[in-house]
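Colleague: Numbering (our numbering), first residue to last: 1 to 140.
We put the beta carbon where it would ideally sit given N, CA and C, even for glycine.
This structure is a prediction, so every number in the text was calculated from the model and none was measured.
Here it is, the structure in full.
Structural data, given as C-alpha coordinates:
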(Lines of atoms letter the chains of each structure in order from A and count residues from 1; the text may use other names and numbers.)
(Lines give C-alpha, C1' and ligand atoms only; values in the text may rest on other atoms or scores of the structure.)
Protein backbone atom coordinates (compact mmCIF):
# COMPACT_ATOMS: atom_id res chain seq x y z
CA UNK A 1 0.00 0.00 0.00
CA UNK A 2 1.52 3.35 -0.98
CA UNK A 3 1.76 6.29 1.40
CA UNK A 4 -1.00 8.26 -0.36
CA UNK A 5 -3.42 5.37 0.12
CA UNK A 6 -2.34 5.00 3.75
CA UNK A 7 -2.98 8.72 4.29
CA UNK A 8 -6.44 8.37 2.77
CA UNK A 9 -7.28 5.49 5.11
CA UNK A 10 -5.81 7.37 8.10
CA UNK A 11 -8.03 10.37 7.31
CA UNK A 12 -11.02 8.01 7.01
CA UNK A 13 -10.27 6.36 10.34
CA UNK A 14 -10.01 9.74 12.07
CA UNK A 15 -13.17 11.01 10.34
CA UNK A 16 -15.26 7.99 11.32
CA UNK A 17 -13.97 8.04 14.89
CA UNK A 18 -14.77 11.75 15.25
CA UNK A 19 -18.21 11.28 13.70
CA UNK A 20 -19.10 8.41 16.02
CA UNK A 21 -17.79 10.31 19.05
CA UNK A 22 -19.84 13.38 18.16
CA UNK A 23 -23.01 11.33 17.76
CA UNK A 24 -22.36 9.64 21.12
CA UNK A 25 -21.71 13.05 22.66
CA UNK A 26 -25.02 14.38 21.32
CA UNK A 27 -26.85 11.28 22.55
CA UNK A 28 -25.42 11.85 26.01
CA UNK A 29 -26.62 15.46 25.98
CA UNK A 30 -30.11 14.48 24.82
CA UNK A 31 -30.74 11.24 26.69
CA UNK A 32 -28.57 11.47 29.82
CA UNK A 33 -28.22 15.14 30.75
CA UNK A 34 -31.31 16.25 28.75
CA UNK A 35 -31.26 19.44 26.73
CA UNK A 36 -32.73 21.55 29.55
CA UNK A 37 -30.02 20.12 31.82
CA UNK A 38 -27.30 21.05 29.34
CA UNK A 39 -28.83 24.52 29.00
CA UNK A 40 -28.73 24.82 32.79
CA UNK A 41 -25.05 23.83 32.80
CA UNK A 42 -24.27 26.42 30.13
CA UNK A 43 -26.06 29.07 32.19
CA UNK A 44 -24.19 27.99 35.34
CA UNK A 45 -20.84 28.75 33.71
CA UNK A 46 -21.99 32.12 32.38
CA UNK A 47 -22.98 31.17 28.84
CA UNK A 48 -26.42 31.85 27.41
CA UNK A 49 -28.67 28.83 27.93
CA UNK A 50 -29.85 28.90 24.30
CA UNK A 51 -26.28 28.18 23.22
CA UNK A 52 -26.70 24.61 24.51
CA UNK A 53 -29.37 23.98 21.88
CA UNK A 54 -27.26 25.51 19.10
CA UNK A 55 -24.22 23.53 20.22
CA UNK A 56 -26.16 20.27 20.27
CA UNK A 57 -27.59 20.91 16.79
CA UNK A 58 -24.18 21.80 15.35
CA UNK A 59 -22.62 18.72 16.94
CA UNK A 60 -25.39 16.50 15.53
CA UNK A 61 -25.12 17.85 11.98
CA UNK A 62 -21.31 17.93 12.19
CA UNK A 63 -21.12 14.36 13.48
CA UNK A 64 -23.35 13.12 10.67
CA UNK A 65 -21.32 15.05 8.09
CA UNK A 66 -18.06 13.61 9.41
CA UNK A 67 -19.41 10.08 9.52
CA UNK A 68 -20.77 10.34 5.98
CA UNK A 69 -17.72 12.15 4.66
CA UNK A 70 -19.74 15.14 3.48
CA UNK A 71 -17.91 18.49 3.38
CA UNK A 72 -15.44 17.13 5.94
CA UNK A 73 -13.08 20.10 6.01
CA UNK A 74 -15.99 22.50 6.51
CA UNK A 75 -17.60 20.29 9.16
CA UNK A 76 -14.35 20.02 11.10
CA UNK A 77 -13.76 23.77 10.92
CA UNK A 78 -17.33 24.54 12.05
CA UNK A 79 -17.02 22.12 14.99
CA UNK A 80 -13.58 23.43 16.02
CA UNK A 81 -14.69 26.67 17.77
CA UNK A 82 -17.30 24.73 19.73
CA UNK A 83 -14.64 22.33 21.00
CA UNK A 84 -12.29 25.20 21.77
CA UNK A 85 -15.15 26.73 23.74
CA UNK A 86 -15.53 23.46 25.65
CA UNK A 87 -11.79 23.50 26.33
CA UNK A 88 -11.99 26.99 27.83
CA UNK A 89 -15.15 26.12 29.76
CA UNK A 90 -13.30 23.22 31.42
CA UNK A 91 -10.05 25.16 31.97
CA UNK A 92 -10.82 26.08 35.60
CA UNK A 93 -11.33 22.38 36.43
CA UNK A 94 -7.69 21.45 35.83
CA UNK A 95 -6.01 19.35 33.21
CA UNK A 96 -7.37 15.83 33.71
CA UNK A 97 -10.82 15.09 32.38
CA UNK A 98 -11.18 12.74 35.36
CA UNK A 99 -11.16 15.82 37.61
CA UNK A 100 -14.44 16.89 39.19
CA UNK A 101 -16.52 18.58 36.45
CA UNK A 102 -14.01 17.41 33.83
CA UNK A 103 -10.69 19.02 32.95
CA UNK A 104 -9.59 20.43 29.65
CA UNK A 105 -7.39 17.60 28.29
CA UNK A 106 -10.13 15.75 26.38
CA UNK A 107 -11.76 18.72 24.63
CA UNK A 108 -8.30 20.11 23.80
CA UNK A 109 -7.29 16.81 22.22
CA UNK A 110 -10.59 16.72 20.36
CA UNK A 111 -9.91 20.24 19.03
CA UNK A 112 -6.50 19.15 17.75
CA UNK A 113 -8.07 16.10 16.08
CA UNK A 114 -10.59 18.37 14.34
CA UNK A 115 -7.77 20.63 13.11
CA UNK A 116 -5.92 17.58 11.75
CA UNK A 117 -9.11 16.37 10.05
CA UNK A 118 -9.59 19.78 8.44
CA UNK A 119 -6.05 19.59 7.08
CA UNK A 120 -6.34 15.98 5.87
CA UNK A 121 -9.80 16.15 4.32
CA UNK A 122 -12.30 13.32 4.15
CA UNK A 123 -10.08 10.46 3.12
CA UNK A 124 -11.30 7.30 1.43
CA UNK A 125 -14.99 6.50 1.13
CA UNK A 126 -16.11 10.09 1.69
CA UNK A 127 -19.23 11.33 -0.08
CA UNK A 128 -17.40 14.37 -1.39
CA UNK A 129 -13.88 14.33 -2.72
CA UNK A 130 -11.38 16.60 -1.08
CA UNK A 131 -7.71 17.20 -0.73
CA UNK A 132 -4.79 15.50 -2.42
CA UNK A 133 -6.75 12.41 -3.44
CA UNK A 134 -9.21 14.46 -5.47
CA UNK A 135 -6.40 16.36 -7.18
CA UNK A 136 -4.65 13.08 -8.00
CA UNK A 137 -7.82 11.57 -9.45
CA UNK A 138 -8.39 14.68 -11.57
CA UNK A 139 -4.80 14.64 -12.83
CA UNK A 140 -4.98 10.94 -13.81
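1. Under 8 Å, with one C-beta from each stretch per pair, do the stretch 104-118 and the stretch 77-89 reach the 3-pair mark?
2. Can we say the stretch 31-49 touches the stretch 65-80, given the rule of at least three CB pairs closer than 8 Å?
3. The alpha helix (DSSP H) with residue 93 in it runs from where to where?
4. Please report the residue range of the alpha helix (DSSP H) in which residue 118 lies.
5. Let me make sure I understand the geometry here. Which of 104, 26 and 64 has the alpha-carbon closest to that of residue 56?
6. Ignoring anything shorter than 3 residues, give me the beta strand (DSSP E) runs that lie fully in the stretch 12-66, in order along the chain.
7. Using only the alpha-carbon positions, how far apart do residue 96 and residue 8 sit?
8. For residue 125, is the classification buried or exposed, using 16 other Cβ atoms within 10 angstroms of its Cβ as the cut-off for buried?
9. Quick one: grab the DSSP three-state call for residue 82.
Modeller: Taking the structure as given:
1. yes
2. no
3. Residue 93: not part of any alpha helix (DSSP H); DSSP gives it neither H nor E.
4. 105-120
5. 26
6. none
7. 32 Å
8. exposed
9. helix
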